[in-house]
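This report concerns only the one structure given below.
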Amino acid sequence: MTKTQNTVLKRTFFSELILSKSSGQRIAYIAVITALSVVTSMFLEFKMFDVQFSVTIVVSALAGIVLGPVCGLAACYVGDLIGYIYNNWGLMYMPWVGLSTGMIAFLSGLIFNAARWKFRGALYVKLAIVCVLSFFVCTIGINTTGFYLYYKETGFTSAAIEYITQKFGSGVSYFTYVFYRLFVGGQIWNSLVNFALLFAVIPLANNIKPLKINIS
22 MTKTQNTVLK
32 RTFFSELILS
42 KSSGQRIAYI
52 AVITALSVVT
62 SMFLEFKMFD
72 VQFSVTIVVS
82 ALAGIVLGPV
92 CGLAACYVGD
102 LIGYIYNNWG
112 LMYMPWVGLS
122 TGMIAFLSGL
132 IFNAARWKFR
142 GALYVKLAIV
152 CVLSFFVCTI
162 GINTTGFYLY
172 YKETGFTSAA
182 IEYITQKFGS
192 GVSYFTYVFY
202 RLFVGGQIWN
212 SLVNFALLFA
222 VIPLANNIKP
232 LKINIS
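So for the sequence shown, this note's numbering puts the first residue at 22; every next one is plus one.
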């Protein structure tokens with residue numbers, strides 16, 4: 022591998038912010054983002070009309086943009102794992118949840134590192150791509166699929182079975198469960214709120230000097 026190729030790979034999978042810092046500073050940045058991920062998974066969740074909201078998508082996307090794909094993924098996954106270990110309420114660990122948040126960070130970091138566009142509004146175009154990919158790859162492809170496979174083995178809730186039977190006149194299939202989780206479980210509304218926050222938070226973060234070199 023040539024020096025140029027090595028540089029391209031580094032700039033793709035690690036943010037300019039991380040590459041510009043010393044080893045100690047890199048660890049500090051990753052530790053702070055990991056701690057933020059822990060706090061988000063444990064405390065920044067609330068319910069409204071039986072729909073559970075959190076800002077996990079925003080924090081995960083910010084992690085990927087600030088740290089880059091690799092460090093962002095690691096920080097979010099480890100943060101989710103630490104949150105589970107600290108307070109799991111006696112429930113089984115569900116690795117697809119941490120993988121989903123980690124992949125949001127990975128995709129966000131990859132898009133912002135690889136698409137070095139300079140035209141007016143490029144920031145918002147990249148954010149739109151992040152939203153679309155995170156929704157289909159992470160919210161549906163990883164998170165919802167993980168819960169579907171889990172409940173397929175352990176048994177779906179009576180509420181899910183009753184609703185799907187009445188709505189579709191059939192048993193619970195993958196696609197009917199996706200519909201149920203998105204629209205009845207409220208995951209689509211949670212995603213939309215996070216996407217709106219993402220469009221508000223990231224431009225503000227761009228005004229913070231330590232972050233500007235990677236976001237702009």
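Ideal placement from N, C-alpha and C gives every residue a C-beta, glycine not left out.
8 angstroms Cβ cutoff, residue i in contact with chain C
i   : result
A52 : The chain inventory of the structure shown lacks chain C, comprising one protein chain alone.
Where residue i falls: helix, strand or coil (DSSP)
i    : result
T55  : helix
V199 : helix
I48  : helix
N108 : coil
S81  : helix
K139 : coil
F35  : coil
G89  : coil
G190 : coil
K42  : coil
T178 : coil
Residue i Cβ short of 7 angstroms to the ligand COA heavy atom set
i   : result
L83 : Although the ligand COA was asked about, the structure shown includes no ligands whatsoever.
Outcome for residue i when other beta-carbon atoms lying within 10 angstroms are tallied against a minimum of 16
i    : result
S44  : exposed
M124 : buried
A136 : exposed
N134 : buried
L219 : buried
Continuous alpha helix (DSSP H) stretch holding residue i: start and end
i    : result
T166 : 166 to 175
M124 : 116 to 135
T23  : Unbroken run through T23: none, as it is neither H nor E.
F216 : 208 to 226
CA-to-CA distance, residue j to residue i, given in whole angstroms
i    : j    : result
Q46  : L40  : 10 angstroms
S179 : I185 : 10 angstroms
L154 : L144 : 16 angstroms
K24  : Y169 : 45 angstroms
F156 : V146 : 16 angstroms
V76  : T61  : 7 angstroms
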